[in-house]
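Undergrad: Residues in the sequence shown are numbered from 402 upward in steps of one, following the working numbering. Beta carbons: idealized from backbone N, C-alpha and C, even for Gly. Bear in mind the structure is a predicted one, so any value in this text is a computation, not a measurement.
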Amino acid sequence: MTPNFGKNILITGSSRGIGFGMVEYLAKHSNAQYIFATCRNLETAKALKELSKLYLSIKIVQLDIEDDNSIEKARNEIQAILEDQPLNMLVNNAGLDLTGGTILGEKPNRTNLNRQFDINTTSTIIVTDAFLPLLLKAAKNGEKAMIVNMSSALGSITNAWRAPENDTGRFWYAYNMSKAALNMYTRVLNRYHENKGLIVVSIHPGRVKTDMGGPIADITTEESVQAMIDSLSKLATKDSGRCIDRFGKDIPF
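#1: Whose C-alpha, out of Ile652, Leu633, Ala448, Gly607, is nearest the C-alpha of Asn405?
#2: Let me know the alpha helix (DSSP H) ranges lying completely inside the segment 583-632, each 4 residues or longer, listed in chain order.
#3: Locate the beta strand (DSSP E) running through Ser532, then write down its first and last residues.
#4: For the alpha helix (DSSP H) that Gln517 lies in, which residues bound it at each end?
#5: Are Leu443 and Gln480 close, meaning C-beta to C-beta below 8 Å?
#6: Does the segment 571-581 come into contact with the segment 542-549, if we say contact requires no fewer than three beta-carbon pairs (one atom in each stretch) closer than 8 Å?
#7: What are the boundary residues of the beta strand (DSSP E) that Asn409 is part of?
#8: Are there 16 or more other CB atoms within 10 angstroms of the CB of Lys408, so buried, or fewer, so exposed?
#9: Compute the Euclidean distance between the alpha carbons of Ile600 and Ala428, then round it to the nearest angstrom.
#10: Which class does Asp651 belong to by DSSP, given the choice of helix, strand or coil?
#11: In chain order, which continuous runs of the beta strand (DSSP E) of length 3 or greater are located wholly inside the segment 467-505?
#12: In this structure, what does DSSP give as the bridge partners for Phe406?
#13: Grab the span of the beta strand (DSSP E) containing Tyr372 for me, first residue to last.
#14: Assuming Ile472 and Val424 make a contact with CB atoms under 8 Å, what is their CB distance in whole Å?
#15: Tell me whether Lys635 sits in a helix, a strand or coil according to DSSP, three-state version.
#16: Going by Cα to Cα distance, which pick from Asn432, Tyr456, Thr512, Lys460 is closest to Cys440?
#17: Alpha carbon to alpha carbon, how far is Asn463 from Ala475?
#18: List the endpoints of the continuous beta strand (DSSP E) containing Lys460.
#19: How big is the Cα-Cα spacing for Ser579 and Leu457?
#20: What does DSSP give as the partner residue(s) for Asn550 in the beta ladder?
#21: Going by DSSP in three states, Ile419 sits in which element: helix, strand or coil?
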């Protein structure tokens, strides 16, 4: 089945890992007119540049989600390309698992703790707010309008005590807390825009073999992306506010 998320899609953190995988999959299989693929450093995004040569739908945009000026510049650039068109899908994929005073057993590092939240939670909120008018425009037109927050099962407070002994992730309190906060943002954003046709969800991609995935990662980027796209394709407005895994099953949070 061809995934249909509307004509215009924006994916942050697209130079590698899951973000790159989503851009590649949607460029190959969707009917998107534009796939805006953002990255912090254009010079190092070599694979993304090569991919954009193969698929004209891919538009690479510089975006540092920690920099408000960069966010505003990216929004203006994308809005200029879209002209009067709306944005149909925003995937907040850019994230960080920061080490050094962020794990139980270590002396807490205030700078690293704050940056963990700034990237995984605060910056997602600010990026979403910048592009929200374009998404609500799509919803008002009766088009697909979806916000996808890349979360983690480690952000589940309900399941925190159930983590297996070999899962060192249960001690990554800073990362886990930042994702728990992100899940709350998903829920309250959905509630605030209820009945407007906007779909807002958090999704857990699984333990993926990327730079962030860690030693116990057990699935490839391709496997994760394909499963997520399939699940996201099936969502309707009644599903807004959910936190799901890559197969579309609810994660208690």
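TA: On the basis of the data shown:
#1: Leu633
#2: Within the segment 583-632, no complete alpha helix (DSSP H) run reaches 4 residues.
#3: The sequence given here places Phe at residue 532; Ser does not occur at that position. From DSSP, Phe532 is part of no beta strand (DSSP E) but of the alpha helix (DSSP H) over 524-541.
#4: Going by DSSP, Gln517 is part of the alpha helix (DSSP H) stretching over 511-518.
#5: A distance of 8 Å or more separates the beta carbons of Leu443 and Gln480.
#6: no
#7: First-last of the beta strand (DSSP E) with Asn409: 409-412.
#8: buried
#9: Each residue's Cα considered, the two are about 22 Å apart.
#10: strand
#11: 490-493
#12: None; Phe406 has no bridge partner.
#13: A query on residue 372 cannot be resolved here, the shown segment of the chain reaching from 402 to 654 and no further.
#14: So it is not a contact: roughly 19 Å between Cβ atoms.
#15: coil
#16: If we check each option's Cα against that of Cys440, Lys460 comes out closest.
#17: Checking the sequence shown, residue 463 turns out to be Gln, not Asn. Roughly 7 Å between the two C-alpha positions.
#18: 459-463
#19: Going from the Cα of Ser579 to the Cα of Leu457 covers about 35 Å.
#20: Asn493, Ser603
#21: helix
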